[in-house]
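2 protein chains.
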Amino acid sequence: MKEGLLTDRQKEVLRHRRQGLTQQQIADIIGTSKANVCTIEKSAIENVRRARETLQFMYTLDARFLCEISSGADLLVVPDQIFREASARGVKVRYDTIGLINRLRESLPEHLQARFVKDEIQVYLNDDGEVYFE
Amino acid sequence: MKEGLLTDRQKEVLRHRRQGLTQQQIADIIGTSKANVCTIEKSAIENVRRARETLQFMYTLDARFLCEISSGADLLVVPDQIFREASARGVKVRYDTIGLINRLRESLPEHLQARFVKDEIQVYLNDDGEVYFE
DNA sequence: GTCGGGTTAAGGAGAAGTGTTTAAGTTTTA
DNA sequence: TAAAACTTAAACACTTCTCCTTAACCCGAC
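Chains as they are written, first to last, in this note's numbering: chain B, 1 to 134; chain Y, 135 to 268.
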């Protein structure tokens, strides 16, 4: 049972950083290079981001599979597909067309390429009309 | 930028579980053994626990190092040491003796052995009097 | 007792993460 | 502009995680 996500090294750096030390100062204290402090800090922050995202996912766990957006799809027609599927299930999506596209852009930027879907995307919907992409 | 902590497999299992399916049913759907579903679910839950703990740590990041409890210390004298160090820093700890022991028990059960400290513990304190163990 | 649901242990292959160094960049600030 | 602070990339050794299988075990209900 390993406690949290952060290693001792990462916690050390975050704590010193919070006290206002520079990376070089921390490097001297913990005995390594400032470049290394930078990467340790970076991966610590990344870990925190992932922790947040994980809990975020848990909040949307009650979502059900809605549909799949195949790769190559035009981003502008995606919302229509989602609205159609959602209304077939009697749920009103809580976003409009632009809102959905923004939500998607924020959620899975790496699956998109300009106006098109690069990698296929799974869409989930819960009873509140909240959507979740994967 | 790898999204969250949970793998696709883990999310799949959690989602199906939330829908009320048994491990065997999920095993059939995703094409593996129920033993495997069990371990996937278990590590998913463990990941969520770690995510929570990570954010918990972030909340206490502004804590400063207070003192170290050496291994072999009697649990009943630990609070006194903490109160002493804290008041030397002009901070009032927001727990009483029993509260501190409970906090410690919850936070690092594996560092304790009956009435004694098995592995040394770092104590951190924040300006609000919140304590954090490591 | 048997069956269904769940858990555990051991082991293995492959993937991912960590801490490091060195060396080259970029940004901020005095 | 020069110095200080920070970021990035590539590479390497190591460790941990993930998924998987097989085979066994626990427990509550019928």
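Positions of the beta carbon are idealized from the N, C-alpha and C atoms, including for glycine.
Chain Y contact for residue i (CB, 7 Å cutoff)
i	result
Arg17(B)	no
Thr60(B)	no
Gly99(B)	no
Val48(B)	yes
Phe83(B)	no
Beta carbon proximity, residue i to chain B, threshold 7 Å
i	result
Phe250(Y)	no
Asp230(Y)	no
Thr141(Y)	no
Ala185(Y)	yes
Phe267(Y)	no
Leu155(Y)	no
Gly138(Y)	yes
Thr188(Y)	yes
Cα-Cα separation, residue i to residue j
i	j	result
Phe267(Y)	Gln256(Y)	6 Å
Arg115(B)	Gln81(B)	16 Å
Asp119(B)	Asp74(B)	12 Å
Ser143(B)	Asn126(B)	Missing from the structure shown is residue 143(B); chain B here goes from 1 to 134 and no further.
Leu104(B)	Leu21(B)	38 Å
Thr188(Y)	Phe217(Y)	26 Å
Val225(Y)	Cys38(B)	33 Å
Val251(Y)	Thr231(Y)	16 Å
Ser43(B)	Arg149(Y)	28 Å
Met192(Y)	Asn36(B)	21 Å
Val93(B)	Arg184(Y)	32 Å
Glu219(Y)	Leu200(Y)	7 Å
Asn47(B)	Leu6(B)	7 Å
Gln144(Y)	Gln25(B)	41 Å
Gln190(Y)	Tyr95(B)	32 Å
Ile45(B)	Thr60(B)	23 Å
Ile274(Y)	Tyr258(Y)	Here chain Y comprises residues numbered 135 to 268, so residue 274(Y) is not present and cannot be evaluated.
Lys168(Y)	Arg151(Y)	12 Å
Glu244(Y)	Gly206(Y)	14 Å
Thr32(B)	Gln19(B)	19 Å
Ala222(Y)	Gly4(B)	30 Å
Host beta strand (DSSP E) of residue i (start-end)
i	result
Arg64(B)	Arg64 to Ile69
Val131(B)	Val131 to Phe133
Val123(B)	Ile121 to Leu125
Three-state secondary structure (DSSP) of residue i
i	result
Val225(Y)	coil
Leu21(B)	coil
Asp194(B)	Since the first residue shown for chain B is 1 and the last is 134, residue 194(B) is missing from the structure and cannot be characterised.
Leu246(Y)	strand
Endpoints, alpha helix (DSSP H) assigned at residue i
i	result
Glu180(Y)	Lys168 to Tyr193
Glu240(Y)	Thr231 to Ser241
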